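Residues in the sequence shown are numbered consecutively from 15, following the working numbering.
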Amino acid sequence: MKKIVELKNASVVVNNGFDEVKTILDDVTLTIYENDFLTILGGNGAGKSTLFNVIAGTLMLTSGSISILGQDVTQLPAQSRAKYLARVFQDPKMGTAPRMTVAENLLIAKFRGEKRGLVSRKIQDYTDEFQGLIGKIGNGLEKHLETPAGLLSGGQRQALSLLMATVKRPDLLLLDEHTAALDPKTSQSLMALTNQFVQGDQLTALMITHHMEDALKYGNRLLVMKDGKIIEDLSQAEKAKLNLADYYQIFE
């Protein structure tokens, strides 16, 4: 199986400013294979966001290594890893440019990671393509191709962020509690849309969630983190045997 991301003995140690050293990622070894859809559960301080940040390159390892598609990226900064990764954040405001229209946001996403010169953007050449893309969403976004992203609802803006993250197929999609800021109904709709995108385009995805129901329902692997360690790495078959009560027991 093709390895997309491989972490070996990955640790992050930080100083909190009071001469107190804390390990926030503790000797983690993890392989993410092509077409994996991993969900990650864990309490506050478990290391979930730290794991995302070391993969994305926004936080460097203290020790250990990380490779993407077989290339050692341990020392590479976030901008050098951007060609591999796309990320949807918890805050709907973080994934889009508020003063730019939906079409303009999609145009930026379409050419993510490519070198661009000072040439006309010719956005009109992509109008039909972008209209077709937002037509898949089904939450009214199809009426807002020329609307600035800052005027969209939270659900529409997060759906746009998801679309932007996947319009140019990433090697790894990072979903950072991307439904947490939404109301339950909108959250469920976005989660169903996410699964549709991941399965339909055969993406490789890593998703942090606090919703145990989503962890049960979605993905082929479940990671449970505690104190900077991965304490469980469950396959789809193992996950299918568990219920919510079993999940709560894992955290005891």
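Even glycine gets a Cβ: it sits at the ideal position worked out from N, Cα and C. Here the structure is a predicted model, which is why all the values come from computation and not from measurement.
Item checked: Other residues of its chain near Ile137: CB distance less than 7 Å, five sequence neighbours each side excluded -> Start at 1 with the first residue of the sequence shown, and residue 137 comes out as number 123. Closer than 7 Å at the Cβ level, and outside the excluded window around Ile137, lie Ala117, Glu118, Leu121.
Notebook entry, point to check: Should the segment 150–163 be regarded as contacting the segment 178–197, the criterion being three or more beta carbon pairs within less than 8 Å?
Noted result: No: the two stretches stay apart, fewer than three of their Cβ pairs being nearer than 8 Å.
Checklist line | Segments of 3+ residues assigned as beta strand (DSSP E) that fall wholly inside the segment 174–245 | finding: DSSP runs (the beta strand (DSSP E)) wholly in the segment 174–245: 186–190, 219–222, 235–240.
Margin query: I'd like to confirm something about Ile69: is its beta-carbon nearer than 7 Å to some heavy atom of the ligand ADP, or not?
Written below: The ligand content of the structure shown is nil, which means the ligand ADP is not present either.
Next item on the list: Since I believe Leu237 is in contact with Ile38 (beta carbons under 8 Å), could you give me their beta-carbon distance rounded to a whole number of angstroms?
Entry: Locating residue 38 in the sequence shown gives position 24, where the first residue counts as 1. Locating residue 237 in the sequence shown gives position 223, where the first residue counts as 1. Between Leu237 and Ile38 the Cβ distance is about 16 Å, and since that is not below 8 Å, they are no contact.
Next item on the list: Could you name the residues that DSSP lists as bridge partners for Asp40?
Entry: In the sequence shown, the residue the question calls residue 40 occupies position 26. Asp40 has no beta-bridge partner at all, per DSSP.
Note to self: How far does the alpha helix (DSSP H) with Asn119 in it extend, from its first residue to its last?
What the structure shows: In the sequence shown, counting from the first residue as 1, residue 119 sits at position 105. Unbroken alpha helix (DSSP H) run through Asn119: 116–124.
Item checked: Spatial distance of Ser94 from Ala259 (CA atoms) -> Mapped onto the sequence shown, residue 94 falls at position 80. Mapped onto the sequence shown, residue 259 falls at position 245. Whole-angstrom Cα-Cα distance: 42 Å.
Checklist line | Three-way DSSP call (helix, strand, coil) for Val87 in this model | finding: Locating residue 87 in the sequence shown gives position 73, where the first residue counts as 1. Correct three-state label for Val87: coil.
Check: At what residue ranges does the segment 50–81 contain a whole run of the beta strand (DSSP E), taking only runs of 3 or more?
Finding: The qualifying runs are 51–55.
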